[in-house]
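Quick note: the sequence shown uses full-length UniProt numbering, first residue 1, plus one each step. We treat Cβ as the ideally placed atom computed from N, Cα and C, and that holds for glycine. Values in this document were obtained by computation on a predicted structure and should not be read as measured data.
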Amino acid sequence: MFAHVKFTKDHQLKIVDVKEIEVLNGGDIKEKQICRVLKNGEYEKAIILRLGGENASFITSKNDVQIEPPLFEQVDDKIHLGSNVYVNAQAWHKVQLEKDPSKWVKSLAVVIWGSEELAKRSVKGGSRPPLTPLKLRVMKDRYEEFLEKRGYAGEAKSTFASRMNSFLGGKISDLQPHRFKKRSLSNN
C-alpha cells in the first residue's frame, strides 16, 4: 500500500510505500495524520494526505484536500501561523511579550515580511505592491486571537481589530527612507 504525503519542513509532496512511514504515538496509519517518513535515509515529519492502492500509480487530483500542520506547531526553528506561513520561533515568542496592540502588530509584521520587504510594500497597494493577502489574513487571524487573550471584548476588540491596517501603515511609514532632506540651519 502507498500513501501520498506532504513533508512539513519543505512542503514537498511525495508518494511513498507505507513501510517507509513511522506513526507518531503508535497506532494505525490513516489519512490526515502527522507521521515521520523515510526521506534520503532519514525520517522527516510529514502529513499523510491520502492512502492508495497496491502500487504507486494512484494519482492525486487538484481537488485533493490540502492539509496543513496544526497552528503553532514548531518545525525546526520555525512556528506555523496558519496557511503554511512560518516564522522564526524565537522572534514569534518575542512578539508574544508585547502588551500593546499597536506594538504587537508592528512587531509581527516585521517577523512575517522582514523590514526590507515591508518597506517596499503598502497595506492595500497603489504606488507600491500590497502586502501579501495570504500573510495579511494570517496576521489578522493571529491578531484577533491576541486581542481575545489580552481580554479585549465587544466594542474594544472591534475598535482595535479595525485599526490593524492603520498600525501596519504606520510601521511601513516608519521603515520608509526619509523623503525630505533635513534643512541645514544657518545663522546667516
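Alpha-carbon to alpha-carbon, residue j and residue i
i: arginine 36; j: histidine 80; result: 18 angstroms
i: phenylalanine 160; j: proline 129; result: 25 angstroms
i: alanine 119; j: serine 173; result: 8 angstroms
i: valine 5; j: glutamate 44; result: 11 angstroms
i: glutamate 98; j: arginine 163; result: 17 angstroms
i: glycine 169; j: proline 101; result: 14 angstroms
i: asparagine 165; j: valine 123; result: 7 angstroms
i: proline 70; j: serine 83; result: 10 angstroms
i: glutamate 22; j: glycine 41; result: 13 angstroms
i: arginine 121; j: tyrosine 143; result: 20 angstroms
i: leucine 175; j: serine 127; result: 16 angstroms
Residue span of the alpha helix (DSSP H) that contains residue i, given as start and end
i: residue 217; result: The requested residue 217 is not part of the displayed model; the chain covers only 1 to 188.
i: lysine 103; result: 101-113
Distance CB(residue i)-CB(residue j) smaller than 8 angstroms
i: valine 18; j: isoleucine 29; result: yes
i: alanine 109; j: lysine 171; result: yes
i: asparagine 88; j: aspartate 76; result: no
i: isoleucine 15; j: phenylalanine 2; result: yes
i: leucine 51; j: glutamate 31; result: yes
i: valine 111; j: valine 95; result: yes
Where residue i falls, given that 16 or more other Cβ within 10 Å makes a residue buried
i: tryptophan 92; result: buried
i: leucine 13; result: exposed
i: proline 133; result: exposed
i: leucine 147; result: buried
i: alanine 156; result: exposed
i: leucine 49; result: buried
i: residue 192; result: A query on residue 192 cannot be resolved here, the shown segment of the chain reaching from 1 to 188 and no further.
i: asparagine 63; result: Any answer about asparagine 63 is weak, because its pLDDT of 46 lies below 50 and its placement is not dependable; what the coordinates show is given next. Exposed, because fewer than 16 other Cβ atoms sit within 10 Å of the Cβ of asparagine 63.
i: leucine 131; result: buried
i: phenylalanine 167; result: buried
i: phenylalanine 180; result: Only weak support exists for where phenylalanine 180 lies, its pLDDT of 48 falling under 50; the coordinates are left without a value.
Start-to-end residues for the beta strand (DSSP E) that takes in residue i
i: valine 16; result: 13-17
i: isoleucine 172; result: No beta strand (DSSP E) contains isoleucine 172, which is instead part of the alpha helix (DSSP H) from 164-175.
i: valine 87; result: 85-88
i: leucine 81; result: 78-82
i: lysine 39; result: 34-39
i: isoleucine 48; result: 42-52
i: phenylalanine 2; result: 2-7
i: valine 23; result: 21-23
Looking at C-beta atoms only, is the number of pairs between the stretch 132-144 and the stretch 105-122 that lie closer than 8 angstroms three or more?
-> With the cut-off at 8 angstroms, the stretch 132-144 and the stretch 105-122 touch.
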